[in-house]
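J.: This is the structure I have questions about; it appears just below.
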Amino acid sequence: MAAVTVRNLPEKTHRALKVRAAHNGRSTEAEIRVILEEAVSPKPRLMIGSELAAFGRRYGGIELNYKRDRRPIEPAEFK
């Protein structure tokens, strides 16, 4: 496993890391690993359908009673 040394870290930043680590129940070193992993990990894609469904569930939803029209789509006519 690789090791990294960070030089010239301001004391204020170091204190903030220690406080954040304590708040999250981790060592300072573990907290720094979490921060670095989150910074370089790809963000999950926003799936609009899933977000809309979650929004509906959060606010009580709505009941849509409709039947899908299964007839073939007619091509457009341009005159």
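The sequence shown begins at 5 in my numbering and counts up one residue at a time.
For every residue, glycine included, the Cβ atom is placed at its ideal position computed from N, Cα and C.
Go ahead and pull the three-state DSSP assignment for LEU40.
T.: Indexing the sequence shown from 1 puts residue 40 at position 36. Three-state result, LEU40: helix.
J.: What residue does the alpha helix (DSSP H) around LYS22 start on, and which one ends it?
T.: Residue 22 sits at position 18 when you count from the first residue of the sequence shown. 15-27 is the extent of the alpha helix (DSSP H) around LYS22.
J.: Identify which residue in VAL44, SER45 and PHE59 has its Cα closest to the Cα of MET51.
T.: The residue labelled residue 51 in the question sits at position 47 within the sequence shown. Out of VAL44, SER45 and PHE59, PHE59 has the C-alpha closest to the C-alpha of MET51.
J.: Determine the direct distance from the alpha carbon of ALA43 to that of ARG49, and round the result to whole angstroms.
T.: Position 45 of the sequence shown holds residue 49. Position 39 of the sequence shown holds residue 43. Their backbone Cα atoms lie some 16 Å apart in a straight line.
J.: Within the same chain, show all residues whose beta-carbon is closer than 6 Å to that of GLU81, passing over the 5 residues directly before and after it, in chain order.
T.: On the sequence shown, residue 81 is found 77 positions in, with the first residue counted as 1. Excluding sequence neighbours, GLU81 sits near nothing in its chain.
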